[in-house]
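Student:
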Amino acid sequence: MSYTSTSHYKSVLITGVSGFLGSHLAESILVESSLGNIKEDYRVIGIDNFCTGLASNVTYLKQKFPKNFLFIEKDVIQPWDDVNSILTEAIKSEISHVFHFASPASPPHYQRLSLETLWVNTLGLSHALRFADDIGARVIFSSTSEVYGDPDVSPQPENYWGNVNSFGPRACYDEAKRFGEALIYSWNLRHQTKHGLVRIFNTYGPRMNPNDGRVIINFLVQALAGQDLTIYGDGRQTRSFCFVADLINGIKKYALTDITFPVNFGNDREFTVLELAEKVQAHFAKKQSQIVFLEKAKDDPAQRRPDLSLAKKLFPEWGPKVTLEEGLSKTAQWLQLNSR
Ligand code: UDP
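Start counting at 1 in the sequence shown, then tack on 39, and there's your number in this note's numbering.
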């Protein structure tokens, strides 16, 4: 398998920069660049409308990189004329990548913002593609393991087509991401471009919104507050949890190639939700926190685990390094320092 690879980023634009992944990606690229001979005009330009992200993530980036981080508050579903006029031609000419990471990502938030979720991954993505083509940049779209739906194959390789309900509570997310993938495929063919996408499996870590609703952050917030840990269903459903730094390392490597096909990134250690709850209870919970079982969520996938063979073949030096225990500790530490 051969593909072209470059060794560094020029300036990049990230949609969804106040979100968990967007803010880590921004920081990681800025830190890496500042280790080399950073050019004065190097920038990470972040866009967000704060529909699910944290304003504190943007404040953090502004404070840490006052010269090289630029923020535009905007809903990327709307036309990008304002982005085009705010950014000078000189700034735009330096942008090598547009990471389209804007989207609600947790089941409670994407169900609450179902129409926004549908549009941001389709119409929003098309704005990003057009903007990128105008300036000669490469788009990287944040796709998801949800394209596999409730899989009847495990682990899930990239050539598995999935088992998705197109008419249910998760459809707004799953089908929007699937449309996004199809859009990239067709766009590349029509315009002879090299845009790409990564399929992201369950990721967690510091700077996730404490109200995000996904399982790790929920359990940790509950445990630290001395509340009961809420399992939806019987807890036998599985997930494979990736610490954010491992995921970002993989995405950065993918982006520097000209690969256009989907690649899974995540961690392939699989846990039941009950195992996770017991781990969190044992290490972080106040005495009174019990594990309680609530109603199972509709269309909840019974199992999820990435097949990482392709990622490891393409990027032999990449692989998930952070154990669940280490990752949980880092996330709990952040929560203790940052939540009131
Ligand atoms: N879950 C749970 N309790 C919670 C939050 C989630 O039992 O407080 C379950 C959820 O039903 C699913 C799994 O944990 O089976 C992972 O859910 P999450 O929302 O983190 O992400 P998903 O992988 O479903 O998108």
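In this text, a Cβ means the ideal position worked out from N, Cα and C, and glycines have one as well.
Could you check what DSSP says for L249 in three-state terms: helix, strand or coil?
Tutor: Here residue 249 corresponds to residue number 210 of the sequence shown, with the count starting at 1. Looking at the sequence itself, residue 249 is Pro, so the reference to Leu does not match. Looking at P249 - three-state DSSP - the assignment turns out to be coil, as it is neither helix nor strand.
Student: Under the rule that 16 or more other beta-carbon atoms within 10 Å means buried, what is V122, buried or exposed?
Tutor: Working through the sequence shown from its first residue, we reach residue 122 at position 83. That one is buried.
Student: Per DSSP, which one or two residues make a beta bridge with Q195?
Tutor: In the sequence shown, the residue the question calls residue 195 occupies position 156. Q195 is bridged to P345.
Student: Please state whether DSSP places D172 in a helix, a strand or coil.
Tutor: Along the sequence shown, one-based indexing puts residue 172 at 133. In this structure, D172 counts as helix in the three-state DSSP scheme.
Student: Less than 8 Å between the CB atoms is what I'm expecting for A371 and F310, so what's the real figure, rounded?
Tutor: By one-based count along the sequence shown, residue 371 stands at place 332. By one-based count along the sequence shown, residue 310 stands at place 271. Not quite, the Cβ-Cβ distance comes to about 17 Å (not below 8 Å), so this is no contact.
Student: Quick one: Cα of M247 to Cα of I256, how far?
Tutor: Residue numbering aside, residue 247 sits at position 208 when the sequence shown is read from its first letter. Residue numbering aside, residue 256 sits at position 217 when the sequence shown is read from its first letter. When rounded, the distance between both Cα atoms is 7 Å.
Student: Of the residues H47, K318, N377, K101, which one's Cα is nearest the Cα of E364?
Tutor: One-based indexing of the sequence shown puts residue 364 at position 325. Out of H47, K318, N377, K101, K318 has the C-alpha closest to the C-alpha of E364.
Student: Since L69 contacts N107 with CB under 8 Å, what's their CB separation in whole angstroms?
Tutor: Locating residue 69 in the sequence shown gives position 30, counting from the first residue. Locating residue 107 in the sequence shown gives position 68, counting from the first residue. The pair is a contact, with the Cβ atoms about 6 Å apart (cut-off 8 Å).
Student: Please find out if some non-hydrogen atom of ligand 1 comes closer than 6 Å to the beta-carbon of T242.
Tutor: Translated into the one-based positions of the sequence shown, residue 242 becomes position 203. Answer for T242: no, Cβ out of range of ligand 1.
Student: Report the rounded CA-to-CA distance for S378 versus Q266, giving the unit in angstroms.
Tutor: Residue numbering aside, residue 378 sits at position 339 when the sequence shown is read from its first letter. Residue numbering aside, residue 266 sits at position 227 when the sequence shown is read from its first letter. Approximately 15 Å, taken between the alpha carbons.
Student: So, with DSSP's three-state summary, where would you put D87?
Tutor: Taking the first residue of the sequence shown as position 1, residue 87 is located at position 48. Residue state, collapsed to three classes: strand.
Student: Are P355 and G252 touching if we call contact CB-CB under 7 Å?
Tutor: The count along the sequence shown starts at 1 and reaches residue 355 at position 316. The count along the sequence shown starts at 1 and reaches residue 252 at position 213. Not in contact: P355 and G252 (Cβ atoms no closer than 7 Å).
Student: Beta-carbon of G163 versus every beta-carbon of chain D: anything under 7 Å?
Tutor: Of the chains in the structure shown, none is chain D; there is only one protein chain.
Student: Hey, how far is the Cα of L236 from the Cα of D285?
Tutor: Within the sequence shown, numbered from 1, the residue matching residue 236 stands at position 197. Within the sequence shown, numbered from 1, the residue matching residue 285 stands at position 246. Each residue's alpha carbon lies about 17 Å from the other.
Student: Pick out whichever of Y187, A167, V186 has its Cα sitting closest to the Cα of V178.
Tutor: Taking the first residue of the sequence shown as position 1, residue 178 is located at position 139. Taking only the C-alpha atoms, the option nearest V178 is A167.
Student: Excluding five sequence neighbours on each side, which residues of the same chain lie with their C-beta closer than 7 Å to the C-beta of Y149?
Tutor: Here residue 149 is taken as the residue at index 110 of the sequence shown, counted from 1. Counting only Cβ-Cβ distances below 7 Å, and skipping sequence neighbours, we find P143, T156, C211, Y212.
Student: Out of G244, N250, L315, L295, which has the shortest C-alpha to C-alpha gap to Q276?
Tutor: Indexing the sequence shown from 1 puts residue 276 at position 237. Measuring from the Cα of Q276, the nearest candidate turns out to be L315.
Student: Check whether the Cβ of R278 sits closer than 6 Å to any heavy atom of ligand 1, and report yes or no.
Tutor: The residue labelled residue 278 in the question sits at position 239 within the sequence shown. Checking the Cβ of R278 against ligand 1 gives yes.
Student: Could you have a look at T362 and say whether DSSP puts it in helix, strand or coil?
Tutor: Counting from one through the sequence shown, the residue named residue 362 turns up at place 323. Three-state DSSP puts T362 in coil, outside helix and strand.
Student: So, at 6 Å on beta carbons, what are the nonlocal neighbours of E214 in its own chain, with the 5 sequence-adjacent residues on each side left out?
Tutor: Within the sequence shown, residue 214 is the residue found at index 175, counting from 1. Excluding residues within five positions, the ones whose Cβ falls inside 6 Å are S205.
Student: In this structure, does DSSP put Y387 in helix, strand or coil?
Tutor: Summary: the structure shown does not reach residue 387, with the chain confined to residues 40 through 379, and so no result is reported for it.
Student: Quick check: the segment 337-349 against the segment 286-304, are at least 3 beta-carbon pairs closer than 8 Å?
Tutor: Yes, they touch.
Student: So T54 and A141 are in contact, right, with Cβ under 8 Å, and what is the actual spacing, rounded?
Tutor: For this step, residue 54 is matched to residue 15 along the sequence shown. For this step, residue 141 is matched to residue 102 along the sequence shown. Going by Cβ atoms, the distance from T54 to A141 rounds to 4 Å, so yes, they are a contact pair.
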